[in-house]
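Visitor: The numbering of the sequence shown is the UniProt record's numbering, which starts it at 1 and goes up by one.
Pasting a structure below so you can have a look.
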Amino acid sequence: MTALPFLPFALPEIGDDEIAEVVDTLKSGWVTTGPKAKRFEQAFAEFLGQNAEDSQLQCIAVNSATAGLHLALEAIGIGPGDEVITTTHTFTATAEVVRYLGADVKLVDVDPATLNIDIAAIEAAITPRTKAILPVHYAGLAADMLAILDIARRHGLRVVEDAAHALPTTLEKELIGTLGSDATVFSFYANKTMTTGEGGMLVTRNPELAKRARVMRLHGMNRDAFDRFTAKVPSWYYEIVAPGFKYNLTDLAAALGLHQLKRLPAFQKRREQIATRYHEAFADLPVILPPDAPEGDVHSWHLYVLRLAEDAGISRDEFIEGMFAAGIGCSVHYVPLHLHPYWRDRYGLTPEQFPQAQKVFEHTVSLPLYTAMSDADVERVISAVRGLLG
Ligand SMILES: *Cc1c(COP(=O)(O)O)cnc(C)c1O
Numbered sequence: 001m002t003a004l005p006f007l008p009f010a011l012p013e014i015g016d017d018e019i020a021e022v023v024d025t026l027k028s029g030w031v032t033t034g035p036k037a038k039r040f041e042q043a044f045a046e047f048l049g050q051n052a053e054d055s056q057l058q059c060i061a062v063n064s065a066t067a068g069l070h071l072a073l074e075a076i077g078i079g080p081g082d083e084v085i086t087t088t089h090t091f092t093a094t095a096e097v098v099r100y101l102g103a104d105v106k107l108v109d110v111d112p113a114t115l116n117i118d119i120a121a122i123e124a125a126i127t128p129r130t131k132a133i134l135p136v137h138y139a140g141l142a143a144d145m146l147a148i149l150d151i152a153r154r155h156g157l158r159v160v161e162d163a164a165h166a167l168p169t170t171l172e173k174e175l176i177g178t179l180g181s182d183a184t185v186f187s188f189y190a191n192k193t194m195t196t197g198e199g200g201m202l203v204t205r206n207p208e209l210a211k212r213a214r215v216m217r218l219h220g221m222n223r224d225a226f227d228r229f230t231a232k233v234p235s236w237y238y239e240i241v242a243p244g245f246k247y248n249l250t251d252l253a254a255a256l257g258l259h260q261l262k263r264l265p266a267f268q269k270r271r272e273q274i275a276t277r278y279h280e281a282f283a284d285l286p287v288i289l290p291p292d293a294p295e296g297d298v299h300s301w302h303l304y305v306l307r308l309a310e311d312a313g314i315s316r317d318e319f320i321e322g323m324f325a326a327g328i329g330c331s332v333h334y335v336p337l338h339l340h341p342y343w344r345d346r347y348g349l350t351p352e353q354f355p356q357a358q359k360v361f362e363h364t365v366s367l368p369l370y371t372a373m374s375d376a377d378v379e380r381v382i383s384a385v386r387g388l389l390g
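Laid out in structure tokens, this is it:
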């Protein structure tokens with residue numbers, strides 16, 4: 001019997017159109033931020049506006065979601081002495097950007113049914129220093145934004161959404177990015193639901209926020225006073241109004257994004273198809289299946305996170321080793337922030353403060369789920385999982 005090749009946990013799907021567009025960009029002589037980055041921003045706004053018919057929506061392309069989150073928090077004025085509430089059950093990028101600005105992170109537990117931020121825990125964590133809530137749409141299932149926006153309204157807080165997993169996700173039939181928070185940030189990292197290699201998009205309806213983020217995206221350079229390339233003011237002239245960052249998205253990356261975005265609806269369908277097949281195949285196993293989106297809504301299925309039952313007869317770590325022995329890569333999303341030395345020590349955190357996220361961490365495993373998987377790959381994952389748990 002010939003061994004099957006290793007099936008990685010995640011792979012991007014880059015097609016001929018993406019490759020041709022990158023080659024075209026290379027030959028155009030304009031490889032950094034230019035016309036394609038602009039077109040990508042416009043196309044993204046159109047994509048989000050398809051439901052909302054929303055001309056106010058501004059899309060600001062950046063070189064990572066981390067950069068976009070940093071810009072959004074900077075633009076709403078987060079700084080030293082402020083607190084931002086977020087979930088412990090996330091990637092460190094969600095929280096590190098708060099520290100970039102000298103503000104503090106208030107980590108809270110998750111709702112065990114959705115693995116999204118616990119609404120009651122948000123309310124309990126609010127102090128006079130609290131300035132913003134930073135929810136994550138974990139795995140691609142929308143957080144309870146109606147409750148979060150309601151809390152924010154009642155307490156005078158800002159809301160920035162970490163939507164790194166949530167393209168295209170909907171809540172009550174509205175796409176994430178159009179719900180009315182201060183800003184929403186998407187990621188185009190290699191393993192996300194669409195990719196530009198590295199990249200992200202900051203989305204907002206707030207014109208002041210958008211203006212500040214555009215200036216801070218590129219060195220604090222203000223070109224808003226005039227159009228640098230068409231007005232009478234000489235094209236070499238600019239003004240620096242703040243010590244900004246270097247967060248612009250290149251045209252090489254935008255070239256990928258233009259075509260990945262076109263394929264996004266088909267990508268989502270394929271991801272959903274695989275998730276549905278997994279649901280069927282694992283229904284009788286000692287596991288808790290990941291929750292679907294409510295009826296009528298879209299789950300982006302960035303991640304398929306299986307929770308092993310306490311009586312599964314195998315530990316999470318043994319399960320991952322068993323899958324690896326079968327030639328299949330798995331992962332864990334996430335080691336919660338309260339267990340990482342930096343976050344633990346800075347805020348004196350213990351697992352007892354986050355009982356749900358702690359339990360989730362100990363029993364969850366993310367299975368391969370990506371559009372480049374063949375049906376045979378999916379069945380191979382299923383038979384390996386059933387072999388270990390069936
Ligand atoms: C991937 C990810 C990020 C960071 O995205 P980058 O584009 O790599 O900066 C932030 N938050 C979450 C939840 C993520 O999964």
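All residues carry an ideal CB built from backbone N, CA and C; glycine is no exception.
Note that the structure is predicted; figures quoted are calculated from it, not measured.
Taking just the CA atoms, how far does residue 376 sit from residue 316?
Guide: So the alpha carbons of these two residues sit roughly 25 Å apart.
Visitor: Given the structure, does residue 104 come close to ligand 1, in the sense that its CB is under 8 Å from one of the ligand's heavy atoms?
Guide: No.
Visitor: Taking only heavy atoms of ligand 1 into account, decide whether any of them is closer than 8 Å to the Cβ of residue 74.
Guide: Incorrect: residue 74 has no Cβ contact closer than 8 Å to ligand 1.
Visitor: Buried or exposed for residue 69, going by 16 or more other Cβ atoms inside 10 Å?
Guide: The residue in question, residue 69, is buried, as its Cβ has 16 or more Cβ neighbours within 10 Å.
Visitor: With a CB to CB cut of under 6 Å and the five nearest residues on each side skipped, what residues in its chain are close to residue 138?
Guide: Same-chain partners within the cutoff: 115, 116.
Visitor: For residue 286, which residues from the same chain have a beta carbon less than 8 Å from its beta carbon, with the 5 sequence-adjacent residues on both sides left out?
Guide: The residues are 308, 309, 311, 312, 313, 389.
Visitor: Given a cut-off of 9 Å on the beta-carbon distance, is the pair residue 155 and residue 130 in contact?
Guide: Yes, Cβ-Cβ distance for residue 155 and residue 130 is below 9 Å.
Visitor: Give a yes or no on contact between the stretch 212-222 and the stretch 153-173, applying the rule of three or more CB pairs nearer than 8 Å.
Guide: At 8 Å Cβ cutoff, the stretches do not touch.
Visitor: Taking 9 Å as the threshold (C-beta atoms), are residue 63 and residue 250 in contact?
Guide: The answer is yes: Cβ separation under 9 Å.
Visitor: Report the residue from 204, 188, 364 whose alpha carbon sits nearest the alpha carbon of residue 198.
Guide: Of 204, 188, 364, the residue nearest in Cα terms is 188.
Visitor: Take every Cβ of the stretch 263-280, pair it with every Cβ of the stretch 238-250, and state whether three or more of those distances are shorter than 8 Å.
Guide: No, because fewer than three Cβ pairs between the stretch 263-280 and the stretch 238-250 fall closer than 8 Å, the two stretches do not touch.
Visitor: Under three-state DSSP, which class holds residue 133?
Guide: Strand, per DSSP.
Visitor: Provide the residue(s) that pair with residue 174 in DSSP beta bridges, ordered along the chain.
Guide: Partner(s): 171.
Visitor: Whole angstroms are fine: how far does the CA of residue 206 sit from the CA of residue 238?
Guide: So the two alpha carbons sit approximately 24 Å from each other.
Visitor: Taking the alpha carbon of residue 122 as the reference point, which residue from 92, 66, 83, 98 has its own alpha carbon closest?
Guide: Closest by alpha carbon: 83.
Visitor: Which whole runs of the alpha helix (DSSP H) in the stretch 302-353 are 4 residues long or more, in chain order?
Guide: Entirely contained in the stretch 302-353, the alpha helix (DSSP H) runs reaching 4 residues are, in chain order, 316-325, 341-347.
Visitor: Considering only heavy atoms of ligand 1, does any lie closer than 8 Å to the CB of residue 259?
Guide: Incorrect: residue 259 has no Cβ contact closer than 8 Å to ligand 1.
Visitor: Let me know the alpha helix (DSSP H) ranges lying completely inside the stretch 242-270, each 4 residues or longer, listed in chain order.
Guide: Counting only runs of 4 or more, we get nothing.
Visitor: Along the chain, where does the alpha helix (DSSP H) that runs through residue 356 open and close?
Guide: Here the alpha helix (DSSP H) through residue 356 covers 355-363.
Visitor: Is residue 184 closer than 9 Å to residue 215 when the C-beta atoms are compared?
Guide: No. Outside cutoff.
Visitor: I need the straight-line Cα distance from residue 369 to residue 15, nearest angstrom please.
Guide: Spanning the two alpha carbons is a distance of roughly 18 Å.
Visitor: Shortest alpha-carbon distance to residue 274 belongs to which of 372, 45, 235?
Guide: Nearest of 372, 45, 235 to residue 274, Cα basis: 372.
Visitor: Can residue 340 and residue 364 be called in contact, C-beta distance under 9 Å?
Guide: Their beta carbons are not under 9 Å apart, which means residue 340 does not touch residue 364 by this criterion.
Visitor: Please go through the stretch 41-80 and give each complete alpha helix (DSSP H) segment of 4 or more residues, from N-terminal end onward.
Guide: Within the stretch 41-80, the complete alpha helix (DSSP H) runs of at least 4 residues are 65-75.
Visitor: May I have the straight-line CA-CA distance separating residue 136 from residue 354, to the nearest angstrom?
Guide: Going from the Cα of residue 136 to the Cα of residue 354 covers about 16 Å.
Visitor: For residue 12, which residues from the same chain have a beta carbon less than 6 Å from its beta carbon, with the 5 sequence-adjacent residues on both sides left out?
Guide: Closer than 6 Å at the Cβ level, and outside the excluded window around residue 12, lie 190, 195.
Visitor: Starting from residue 158, follow the beta strand (DSSP E) in both directions and report where the run begins and ends.
Guide: That run of the beta strand (DSSP E) goes 158-162.
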